[in-house]
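Peer 1: Protein sequences, first through last, are from chains A and B. Taking the working numbering as reference, the numbering of the first sequence is continuous, increasing by one, and the terminal residue is 108. Taking the working numbering as reference, the numbering of the second sequence is continuous, increasing by one, and the terminal residue is 150. For every residue, glycine included, the Cβ atom is placed at its ideal position computed from N, Cα and C. Source: prediction; values computed, not measured.
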Amino acid sequence: MQTVMRQNEIFRALGDPTRRAVYERLILREETVSGLTARFEVSQPAISQHLKTLRDAGLVTVRREGREAHYRAGPEGLKPLFDWVAHYEKFWRGREARLKAVLEGLEE
Amino acid sequence: MTSTIATKTITVEYDLPFPPAKVWRVLTEPKLLEAWLMPNDIAPVVGHKFTMRTKPMGNWDGVVHCEVLVVEPNKRLAYSWKGGAADNPAYGQPLDTVLTLTLTEKPGGTLLLLEHSGFTDQNEFAFTAMSGGWKSHGGGRMKEVLGGLN
């Protein structure tokens, strides 16, 4: 199920302590790679990799300004985690055929 | 925190070419229910507590805790449906819902109305958890919440 996949991706992305700290920082304010590198004392490639993972999970967005890329995180990235309604709506709609198949197989 | 939290209900209708008595069996016999839904130990007795087992999600073990609330043979069945990661209030919102199944006989079969109610309004929930929590407590609340993720 797609919702579950999105959820697992988010959990995976936030499971790493450094990535979590980066994410937390980006919720508070917009940052550049160099800004984050200075702040977290990890290499620039490592920060870039963390940002890529966070972006792939839909948690972080980028805004380009000249040669600089500015990263930020908004609460909308966490929406899949709250989407029980979408999850169950799909779930219940998807069960009708299986229910019918069970009924077909029932003895009188 | 606001005192009233809006909730949502999911409504799905199954049009089944089988009599209500047969549909009732598929809703109340553990083996039959498992065949189309998930492993369970249901019994159509008011007050009976049972579980449903589904795929774990994030911090949640995938166990749905249920208690039978209404039993009207061949007509209506309702039970609570609770789950989610309760230790993780803002991530993987806990579920505290009710599933009501209403059977209506019709020529040649049964109309099964499935109502899954009590979902907390997501936007309001997200708003409370995110804006309020994050803005007033800075990263502290966030850390606390995320701490439960491992």
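Between A/34, A/47, A/35 and A/30, which lies nearest to residue 139 of chain A when the distance is taken from Cα to Cα?
Peer 2: Within the shown structure, residues of chain A are numbered from 1 to 108, placing residue 139 of chain A beyond reach of any answer.
Peer 1: In chain order, what residues of the same chain lie with their CB nearer than 8 Å to the CB of residue 29 of chain A, ignoring the 5 residues before and after it?
Peer 2: As a first step, residue 29 of chain A must be located in the first sequence, where it is residue number 29. These residues qualify, in order along the chain: 72.
Peer 1: Leaving out the 5 sequence neighbours to the left and right, which residues in its chain are closer than 6 Å to residue 49 of chain B when beta-carbon positions are compared?
Peer 2: In the second sequence, counting from the first residue as 1, residue 49 of chain B sits at position 49. Here the set comprises 67.
Peer 1: Looking only at DSSP bridge pairs, what is residue 109 of chain B linked to?
Peer 2: Here the question's residue 109 of chain B lines up with position 109 in the second sequence. According to DSSP, which records beta bridges pairwise, residue 109 of chain B is partnered with B/106.
Peer 1: I'd like to check one pair, residue 47 of chain B with residue 56 of chain B: are the Cβ atoms closer than 7 Å?
Peer 2: Translated into positions along the second sequence, residue 56 of chain B becomes position 56. Translated into positions along the second sequence, residue 47 of chain B becomes position 47. No, these two residues do not count as a Cβ contact at 7 Å.
Peer 1: Identify the contact partners of residue 102 of chain A in chain B, using a Cβ-Cβ distance below 8 Å as the criterion.
Peer 2: To locate residue 102 of chain A, count along the first sequence from 1; it is residue 102. The answer, in chain order, is 26, 32, 35 and 36.
Peer 1: Kindly give me the distance between the Cβ atoms of residue 20 of chain B and residue 105 of chain B, rounded to whole angstroms, as I take these residues to be in contact under 8 Å.
Peer 2: Sequence index remark: in the second sequence, residue 20 of chain B carries index 20 (1-based). Sequence index remark: in the second sequence, residue 105 of chain B carries index 105 (1-based). Sure, about 5 Å apart at Cβ, within 8 Å.
Peer 1: Identify every residue that forms a DSSP beta bridge with residue 9 of chain B.
Peer 2: Here residue 9 of chain B is taken as the residue at index 9 of the second sequence, counted from 1. Its beta-bridge partners are B/117.
Peer 1: Can you give the Cα-Cα distance for residue 95 of chain A and residue 11 of chain A, rounded to whole angstroms?
Peer 2: The residue you call residue 95 of chain A lines up with position 95 of the first sequence. The residue you call residue 11 of chain A lines up with position 11 of the first sequence. Residue 95 of chain A and residue 11 of chain A: Cα-Cα distance of roughly 27 Å.
Peer 1: Going along chain A in order, which residues have a C-beta closer than 7 Å to the C-beta of residue 12 of chain B?
Peer 2: The residue you call residue 12 of chain B lines up with position 12 of the second sequence. The answer, in chain order, is 92 and 93.
Peer 1: With 7 Å as the threshold, decide whether the Cβ of residue 8 of chain B is near any Cβ in chain A.
Peer 2: For the purposes of this step, residue 8 of chain B is identified with residue 8 of the second sequence, where counting begins at 1. At least one chain A Cβ lies under 7 Å of residue 8 of chain B.
Peer 1: Taking all protein chains shown into account, decide if residue 25 of chain A is buried (16 or more other Cβ within 10 angstroms of its Cβ) or exposed.
Peer 2: Against the first sequence, residue 25 of chain A aligns to sequence position 25. Residue 25 of chain A should be labelled buried.
Peer 1: Output the distance between the C-alpha atoms of residue 90 of chain B and residue 49 of chain A, rounded to the nearest integer angstrom.
Peer 2: Reading the second sequence from its first residue, position 90 is the one you call residue 90 of chain B. Reading the first sequence from its first residue, position 49 is the one you call residue 49 of chain A. Unreliable placement is indicated for residue 90 of chain B, whose pLDDT of 42 sits below 50; no coordinate value is reported for it.
Peer 1: Below 8 Å on the Cβ atoms is my contact criterion, and I expect residue 53 of chain A with residue 44 of chain A to pass it. Report the Cβ-Cβ distance as a whole number of Å.
Peer 2: Within the first sequence, the letter at position 53 stands for residue 53 of chain A. Within the first sequence, the letter at position 44 stands for residue 44 of chain A. Not really, about 15 Å apart at Cβ, beyond 8 Å.
Peer 1: Taking residue 13 of chain B as the reference, give the member of A/102, A/20 and A/92 with the closest Cα.
Peer 2: To locate residue 13 of chain B, count along the second sequence from 1; it is residue 13. That would be A/92, whose Cα lies nearest to the Cα of residue 13 of chain B.
Peer 1: When the Cα atoms are used, what is the spatial distance from residue 87 of chain A to residue 34 of chain B?
Peer 2: On the first sequence, position 87 is the one that residue 87 of chain A refers to. On the second sequence, position 34 is the one that residue 34 of chain B refers to. Each residue's alpha carbon lies about 19 Å from the other.
Peer 1: Grab the span of the beta strand (DSSP E) containing residue 50 of chain B for me, first residue to last.
Peer 2: The residue given as residue 50 of chain B occupies position 50 in the second sequence. Its beta strand (DSSP E) spans residues 49 to 53.
Peer 1: Quick check on the burial criterion: 16 or more other C-beta atoms within 10 angstroms. Buried or exposed for residue 9 of chain B?
Peer 2: Position 9 of the second sequence, counting from 1, holds the residue named residue 9 of chain B. The residue in question, residue 9 of chain B, is exposed, as its Cβ has fewer than 16 Cβ neighbours within 10 Å.
Peer 1: Quick one: which chain A residues come within Cβ less than 7 Å of residue 116 of chain B?
Peer 2: The count along the second sequence starts at 1 and reaches residue 116 of chain B at position 116. Neighbours of residue 116 of chain B on chain A, chain order: 88 and 92.
Peer 1: Please report how far the alpha carbon of residue 67 of chain A lies from the alpha carbon of residue 83 of chain A, in whole angstroms.
Peer 2: Translated into positions along the first sequence, residue 67 of chain A becomes position 67. Translated into positions along the first sequence, residue 83 of chain A becomes position 83. Their backbone Cα atoms lie some 37 Å apart in a straight line.
Peer 1: Taking only beta-carbon atoms, is residue 106 of chain A less than 7 Å away from chain B?
Peer 2: Mapped onto the first sequence, residue 106 of chain A falls at position 106. Yes, because at least one Cβ of chain B sits closer than 7 Å to the Cβ of residue 106 of chain A.
Peer 1: According to DSSP, is residue 52 of chain A part of a helix, a strand, or is it coil?
Peer 2: For the purposes of this step, residue 52 of chain A is taken as the residue at position 52 of the first sequence. Here residue 52 of chain A sits in helix by DSSP.
Peer 1: Count the other CB atoms, across all protein chains shown, that sit within 10 Å of the CB of residue 105 of chain A; report buried if there are 16 or more and exposed otherwise.
Peer 2: Position 105 of the first sequence, counting from 1, holds the residue named residue 105 of chain A. Result: exposed.
Peer 1: If we call anything under 7 Å between Cβ atoms a contact, is residue 51 of chain B one with residue 38 of chain B?
Peer 2: As a working mapping, residue 51 of chain B is identified with position 51 in the second sequence. As a working mapping, residue 38 of chain B is identified with position 38 in the second sequence. The answer is no: Cβ separation not under 7 Å.
Peer 1: Quick check: the Cα distance between residue 117 of chain B and residue 76 of chain B, rounded to an integer number of angstroms?
Peer 2: Along the second sequence, read from residue 1 onward, the residue named residue 117 of chain B stands at position 117. Along the second sequence, read from residue 1 onward, the residue named residue 76 of chain B stands at position 76. Roughly 15 Å between the two C-alpha positions.
Peer 1: Taking the beta strand (DSSP E) that residue 62 of chain A belongs to, which residues open and close that run?
Peer 2: Counted from its first residue, the first sequence places residue 62 of chain A at position 62. Where residue 62 of chain A is concerned, the enclosing beta strand (DSSP E) stretches over 60 to 65.
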